[in-house]
Structures are given as C-alpha cells and as structure tokens.
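Trainee: Numbering (the numbering used here), first residue to last: 247 to 706.
I am attaching a structure below and will ask some questions about it afterwards.
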C-alpha cells in the first residue's frame, strides 16, 4: 500500500498499521522521507529518521492493540522529552535534554505512540509568528513566505506539510488554535487542567495547557482520550439539536475580507444543517479580560520560568536564559518585567480574585440565558501574513499590532479556561481560514462531538 502522508490522519494511520496494510517501519520511512523533502519549511527543531523507524517498530510490537500503536507524534519543543532536547526555542536551552518525559509524553508512550520529532516554535512561546531569531523562522506550507502562526507554529506546519499526522502544542492565549487556523489544520485547547502540565516549559500556570493538533476532529478526540482518560463517544450528535452563539461584537469587528467571507459562508452552512444560531453579546466581559490577561502572564512567567529551570535545567540560570534571548519581541517582553516595570502583585491578585471570577460568571450567564452549546467565531481576524511582520501587520489598509490582533478572538477562552477548537473553513485561496467553537469549561467531549458534526457539515 502507498502511504499518503498528506491525507492519512492518525486514526487511519493506526488502523493501517494494525491491519497490516502498512508496517510501522514502512510508515516511519515514508515520514522520514517526507521530512527530508520539507526541510526548507523549518518545521522540525530536532529529528532523527533512523530513531523514528526503529522506535515505530518497537512501539508497535510492544503494544500492538494500543490506541496509538506505532504512531509517531510531533511535539512542540517546550514539552520535555528524554530522547530529543527541549529548548523552548531559546539559545540557553538548545542542549538541554531532560531526565524525564513530560506527563503528556508518558501518556502518548503508554498508548503505544512515541515522540518522533520536536517542532519549531516562537521563542519561549511568547509570540504568534514563530519567527524565531535563534532557530530560524518556521514557514507556512501553504505559502512559505508566510508565517504559520504560533507559538506552536512548527507543530501545525509539520501536520499541514504532511510530515506528521498529529502532534502536541501548548496554548496560553491561542497558541494551538492560531497556527491551526493559519496552516489549515485543527487545533484544540482543552479545559485548563484537563491534561498534565508536568514537564512543560511554562509561561503561566494559570493559563497554560497542552493541546493536540491534527487533520481531523476524530484525531483530536483520540488524543484527548489518551491525554485525559475520557473516551466518551463523540459521534451521533446532530446539528439540529445544537444552539450556537454568534458574538458579533469584538469577535467579528474589522475582519480581513477573506476571513469574513469564509466564516460567514460556514455560518450559513451550519444553519442550513439545522444548527440554531443566536446572536449574543459579551460586552461587560472585556474590561475584566483586559485586567486579567497580561497581568497574569507577566507576573507568572517571571516566577514559573525560573521554577522550571531550577527543577528541570539546574545548569541554566534565569539570567543566562534572558541574556541568550534572540528574538527582539521576546526580549522586550521579558525585560519589561525587570526592575520597576514589573507587574505589581496587586494587579495580579485582582486579576485572580476579581476579574477572573467576573469573566467566568458573565460567560456562564450568556450560555445559560441563551441555552448555548457553544459560541462560534473566526479564530483569527486575518489569515497568515508575510514573515518578518513581528511588530505590526497590515489589516484592511492599516498597520495594527501583530500580537494583540492575532490573539484578539482566542484570548478570552484562554482566560476563562474554556475548551476551544479551530477547524479550517473550505476556502478557494491559498491561505487557510479557521472557524472556532468554544464551550463551557468541562464540556470538552460535548464540544468535540459538536465539532465533529460541524466538520462533516462543512465538508459536504
């Protein structure tokens, strides 16, 4: 059987390996060949083809009936692995090889899979372009002059390029969903705390989570089951029983025309498939979101990152790490928190004690009042832009700040801790557009069931 690396998803790959249509080694060899052909995209930070072929066979033989039997998985380079270094995309940790795997990696291995490569990323995960001055820019497979999004840009690009069928990223403010949208794959942020956070180079323990990226919702459900232990069925949901909130204010403001056209078309598809669409308003939530978002990130990163180094990389001091930061946007962000410019503890405490609870209360009331299953909106206000526009990008003829523009629609769900999934819209252009569905915290499997139904409707 010929292995079609760009079409097979993880479920199909595991099935083919299990039924003998292709051996684990044959699939791994095809993967290594594809990785070599796509090297110019710079999606992979660490990769050893011989190791992948050898380990694929060993993993399958050790557990041939497991959920991921023999499946190679790509992991963002801020997720601890014992075979490959874990650099966080920064100079001081390029040779840092942890002594233990991250909790999510152990789950992958227990399920018969293994980490086949480490993916490129935005330095220290503090950005959305994956234009990394230390390890080089990750390129979008749909157009190599464009950004793949970030900070999990390498994971998304490796899947979009047909190198890996699925992988792991991390998401603090949109870092799984944004690159998924820009590369044309699926990215999932689970309810915060659903997956293990052990062994992850952190930004914010309040907001960080690992998230899977893949080519299909059924793949996301497979990995969610492996990582969480929750394997509740996601089939059998009809959109005629679904109510979707459409938050026009903020989420739909000043969209790139290509994004607006693609998302509006899919809203019509969802409505025609039976979904009830209700316009909703989150207006009171935005002052709380602003008072929560950056205060939590800036306060926690200056404590969580040194704590990670002390536990996992004791030979690397925080001062050495800061001195080696190569990307100007990341250096500026970290250095802004040194000395008198540091985020005050009072602002941080207010974020946790006042603004976080207020956001969750408002969000929940909107869902309850409208009997919503999820809200739906454009994942990003604009598609991928040229590499190098790290500070500002052009949107509708105006220069706008890159980072806040791209995270505008994903940030709220991150701050609330809600599950969210970005699915690619069918588009005729070369640049993908993502549509996102967010649910209430804890409703992960229900959201995946809804997303599977939406995926099917959008494909018809």
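Cβ coordinates follow ideal geometry from the N, Cα and C atoms, glycine included.
Taking contact to mean at least 3 C-beta pairs separated by less than 8 Å, is the segment 298–313 in contact with the segment 264–275?
Mentor: Contact between the segment 298–313 and the segment 264–275 is present, because at least three Cβ pairs lie under 8 Å.
Trainee: Of all the options 623, 556 and 586, which has the alpha carbon lying nearest to the alpha carbon of residue 339?
Mentor: Along the chain shown, one-based indexing puts residue 339 at 93. Comparing Cα positions, the closest option is 556.
Trainee: Using a Cβ-Cβ cut-off of 8 Å (strictly less than) and excluding sequence neighbours within five positions of residue 526, which residues of its own chain qualify?
Mentor: The residue you call residue 526 lines up with position 280 of the chain shown. 491, 492, 493, 612, 616, 618 and 621.
Trainee: Along the chain, where does the beta strand (DSSP E) containing residue 547 start, and where does it finish?
Mentor: Walking along the chain shown from the start, residue 547 turns up at place 301. It is not in any beta strand (DSSP E) - residue 547 instead sits in the alpha helix (DSSP H) that spans 532–558.
Trainee: So who's on the other strand from residue 644, going by DSSP bridges?
Mentor: Mapped onto the chain shown, residue 644 falls at position 398. For residue 644, which the question treats as bridged, DSSP gives the partners 641.
Trainee: Ordered along the chain, which non-local residues of its own chain (more than five positions away) have a Cβ less than 6 Å from that of residue 548?
Mentor: For the purposes of this step, residue 548 is identified with residue 302 of the chain shown, where counting begins at 1. If we look at residue 548 and ignore the five residues flanking it on each side, its Cβ neighbours are 583.
Trainee: Grouping DSSP H, G and I as helix and E and B as strand, with all else coil, what is residue 416?
Mentor: Residue numbering aside, residue 416 sits at position 170 when the chain shown is read from its first letter. If DSSP states are grouped into helix, strand and coil, residue 416 belongs with the strands.
Trainee: Ordered along the chain, which non-local residues of its own chain (more than five positions away) have a Cβ less than 6 Å from that of residue 462?
Mentor: Your numbering for residue 462 matches position 216 in the chain shown. Cβ within range, chain order: 255.
Trainee: With distances taken Cα to Cα, identify the nearest neighbour of residue 402 among 432, 390, 419 and 389.
Mentor: Numbered from 1 along the chain shown, position 156 holds the residue referred to as residue 402. When each option's Cα is compared against that of residue 402, the closest is 432.
Trainee: Between the alpha carbons of residue 430 and residue 393, how many angstroms are there, rounded?
Mentor: Taking the chain shown and counting its residues from 1, one reaches residue 430 at position 184. Taking the chain shown and counting its residues from 1, one reaches residue 393 at position 147. For residue 430 and residue 393, the distance between alpha carbons rounds to 12 Å.
Trainee: Pick helix, strand or coil for residue 470, following the three-state DSSP scheme.
Mentor: One-based indexing of the chain shown puts residue 470 at position 224. Note: residue 470 maps to helix in three-state DSSP.
Trainee: Distance, Cα to Cα, residue 633 vs residue 375?
Mentor: Numbered from its first residue, the chain shown carries residue 633 at position 387. Numbered from its first residue, the chain shown carries residue 375 at position 129. Each residue's Cα considered, the two are about 8 Å apart.
Trainee: Which partner residues does residue 335 have in the DSSP bridge list?
Mentor: The count along the chain shown starts at 1 and reaches residue 335 at position 89. DSSP output for residue 335 lists no bridge partner at all.
Trainee: Which word fits residue 676, buried or exposed, when buried means at least 16 other C-beta atoms lie within 10 angstroms of its C-beta?
Mentor: By one-based count along the chain shown, residue 676 stands at place 430. Looking at its Cβ environment, which holds fewer than 16 other Cβ atoms inside 10 Å, residue 676 is exposed.
Trainee: Taking the alpha-carbon of residue 320 as reference, which of 308, 355, 286 and 310 has the nearest alpha-carbon?
Mentor: In the chain shown, residue 320 corresponds to position 74, counting from 1. The shortest C-alpha separation from residue 320 is found at 355.
Trainee: Would you tell me roughly how many angstroms separate the C-alpha atoms of residue 693 and residue 489, rounded to the nearest one?
Mentor: Position 447 of the chain shown, counted from the first residue, corresponds to residue 693. Position 243 of the chain shown, counted from the first residue, corresponds to residue 489. Each residue's Cα considered, the two are about 12 Å apart.
Trainee: Quick check: what's the CA-CA separation for residue 333 versus residue 524?
Mentor: The residue you call residue 333 lines up with position 87 of the chain shown. The residue you call residue 524 lines up with position 278 of the chain shown. So the alpha carbons of these two residues sit roughly 45 Å apart.
Trainee: Quick check on the burial criterion: 16 or more other C-beta atoms within 10 angstroms. Buried or exposed for residue 581?
Mentor: Counted from its first residue, the chain shown places residue 581 at position 335. Looking at its Cβ environment, which holds fewer than 16 other Cβ atoms inside 10 Å, residue 581 is exposed.
Trainee: With a threshold of 7 Å on Cβ separation, who are the neighbours of residue 377 within its own chain once the five nearest residues in sequence on each side are excluded?
Mentor: By 1-based counting over the chain shown, the position of residue 377 is 131. Excluding positions up to five away in sequence, the list reads 383, 393, 633, 634 and 636.
Trainee: For the beta strand (DSSP E) containing residue 318, name the first residue and the last one.
Mentor: Position 72 of the chain shown, counted from the first residue, corresponds to residue 318. First-last of the beta strand (DSSP E) with residue 318: 318–322.
Trainee: Can you give me the C-alpha to C-alpha distance between residue 327 and residue 456, rounded to a whole angstrom?
Mentor: Within the chain shown, numbered from 1, the residue matching residue 327 stands at position 81. Within the chain shown, numbered from 1, the residue matching residue 456 stands at position 210. Going from the Cα of residue 327 to the Cα of residue 456 covers about 14 Å.
Trainee: Taking only the alpha-carbon atoms, compute the straight-line gap between residue 413 and residue 265 and give it to the nearest angstrom.
Mentor: Numbered from 1 along the chain shown, position 167 holds the residue referred to as residue 413. Numbered from 1 along the chain shown, position 19 holds the residue referred to as residue 265. Going by the C-alpha atoms only, they are around 23 Å apart.
Trainee: Between the segment 636–647 and the segment 526–539, are three or more C-beta pairs nearer than 8 Å?
Mentor: Short answer: they don't touch.
Trainee: Mind checking residue 440: buried by the 16 CB within 10 Å criterion, or exposed?
Mentor: Position 194 of the chain shown, counted from the start, is the residue given in the question as residue 440. By the 10 Å Cβ count, residue 440 comes out buried.
Trainee: Determine the contact status of residue 365 and residue 400, defining contact as a CB-CB distance below 9 Å.
Mentor: Counting from 1 along the chain shown, the entry for residue 365 is found at position 119. Counting from 1 along the chain shown, the entry for residue 400 is found at position 154. Cβ distance < 9 Å, so residue 365 and residue 400 count as in contact.
Trainee: Is DSSP giving residue 299 helix, strand or coil here?
Mentor: The residue given as residue 299 occupies position 53 in the chain shown. Residue state, collapsed to three classes: helix.
Trainee: How long is the line joining the alpha carbons of residue 717 and residue 570, rounded to whole angstroms?
Mentor: The structure shown does not extend to residue 717, since the chain spans only 247 to 706, so no value can be given for it.
Trainee: Between 470, 323, 686 and 639, which lies nearest to residue 448 when the distance is taken from Cα to Cα?
Mentor: Numbered from 1 along the chain shown, position 202 holds the residue referred to as residue 448. The residue with the shortest Cα to Cα distance from residue 448 is 323.
Trainee: Just list the residues that DSSP pairs residue 621 with in beta bridges.
Mentor: Counting from 1 along the chain shown, the entry for residue 621 is found at position 375. Its beta-bridge partners are 491 and 684.
Trainee: Would you mind working out which of 663, 700, 671 and 567 sits nearest residue 435, comparing C-alpha positions?
Mentor: Here residue 435 corresponds to residue number 189 of the chain shown, with the count starting at 1. Considering only alpha carbons, the answer is 663.
Trainee: Out of 641, 587 and 467, which one is the CA nearest neighbour of residue 481?
Mentor: The residue you call residue 481 lines up with position 235 of the chain shown. Checking every option, the nearest Cα to that of residue 481 belongs to 467.
Trainee: If we count the other Cβ atoms within 10 Å of its Cβ and call it buried at 16 or more, is residue 654 buried or exposed?
Mentor: Position 408 of the chain shown holds residue 654. It is buried - the Cβ of residue 654 has at least 16 other Cβ atoms within 10 Å.
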